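In the numbering used here, the protein residues as written are 156 to 215. Glycine is no exception: its CB is placed at the ideal position from the N, C-alpha and C atoms. What you are looking at is a predicted structure, and each value in this text was computed from that prediction instead of being measured.
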């Protein structure tokens, strides 16, 4: 069951700056996961990064 905060986050659109920061942070986490040998986790994070990058391109 979703809580109210989760629904609010899902309904709220990130600002351009928030989106850029999220991309940087997630890319760093993906790099760290890959260094640890956790390729599945890195791939999952990188899919999210690509989704965020796609979102940025639609905004420009």
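Asked	Found
Inter-residue Cα distance where the pair is residue 195 and residue 202	11 Å
Anticipated Cβ contact below 8 Å, residue 211 with residue 181, distance rounded	Not really, about 13 Å apart at Cβ, beyond 8 Å.
Separation of residue 213 from residue 177, as counted between CA atoms	16 Å
As assigned by DSSP and simplified to three states, the class of residue 193	coil
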